[in-house]
Amino acid sequence: MDCLFCKICAKTIDSDIVYEDEKVIAFLDINPVNPGHVLVLPKIHVEHLVDLSDEDILPVMKVVKKIMKALMSQSDVEGINILQNNYSAAGQVVPHVHFHVIPRKQGDGHRHWPGTAYQEGESAIMAERIKSAL
Ligand code: 5GP
Ligand code: ZN
196 MDCLFCKICA
206 KTIDSDIVYE
216 DEKVIAFLDI
226 NPVNPGHVLV
236 LPKIHVEHLV
246 DLSDEDILPV
256 MKVVKKIMKA
266 LMSQSDVEGI
276 NILQNNYSAA
286 GQVVPHVHFH
296 VIPRKQGDGH
306 RHWPGTAYQE
316 GESAIMAERI
326 KSAL
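Throughout the sequence shown, residue numbering follows the numbering used here, covering 196 to 329 in sequence.
This is the structure in structure tokens:
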């Protein structure tokens with residue numbers, strides 16, 4: 196399998212692993228938003244979150260929470276962003292599902308993306324479109 200993160204799971208590519216068990220691995224992002232930025236992923240190769248079974252999501256989310264707690268115990272960490280990109284249109288670069296756990300600090304200079312208010316009636320239409328697809 197020619198997948199970077201599968202190779203990291205198999206240890207054929209080095210990484211700074213901070214946690215691993217039978218199903219899940221967590222290691223430092225090579226190009227962190229802030230130092231301590233961790234990637235958490237299932238060892239099984241699936242590209243997007245929707246491809247991961249409900250059974251396999253739970254252990255990954257447990258590790259996301261565990262890493263968050265470990266980061267929040269550091270004196271220089273004041274907040275955490277958990278991000279998860281799906282498909283290249285949403286910024287996914289490595290096609291093996293992963294969660295970013297990013298330590299934050301007041302005034303670290305990173306901003307959330309801007310929001311734009313709905314036009315009159317637009318939100319009801321959007322909510323209906325989503326509900327009818329569920
Ligand atoms: P994505 O944009 O797919 O959500 O995020 C992929 C992440 O993988 C990026 O933040 C990037 O810095 C990280 N990354 C890319 N190549 C490597 C690598 O070889 N080792 C590690 N540890 N992280 C990587
Ligand atoms: Zn993979």
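Ideal Cβ placement from N, Cα and C applies to all residues, glycine included.
Asked, Found
"Determine the burial state of K238: buried for a count of at least 16 other Cβ atoms within 10 Å of its Cβ, exposed for fewer.", "buried"
"Can you name, in chain order, every residue of its own chain whose Cβ lies under 8 Å from the Cβ of I208, other than the five neighbours on each side?", "L199 and K202"
"Closer than 7 Å: is that where the CB of S318 sits relative to any heavy atom of the ligand 5GP?", "no"
"Near N281, what residues of its chain come up, given a Cβ to Cβ distance below 7 Å and the 5 sequence neighbours on each side ignored?", "H243, L244 and Q287"
"For I275, collect the residues of the same chain with a Cβ closer than 8 Å to its Cβ; drop the 5 residues on either side in sequence, then sort them by chain order.", "M263, L266, M267, V296, I297, P298 and R299"
"Measure the alpha-carbon distance for P230 versus I320 and round it to whole angstroms.", "41 Å"
"So is the beta-carbon of H293 under 7 Å away from any non-hydrogen atom of the ligand 5GP?", "yes"
"In the DSSP assignment, find the unbroken alpha helix (DSSP H) run with A205 in it and report its ends.", "From DSSP, A205 is part of no alpha helix (DSSP H); its letter is neither H nor E."
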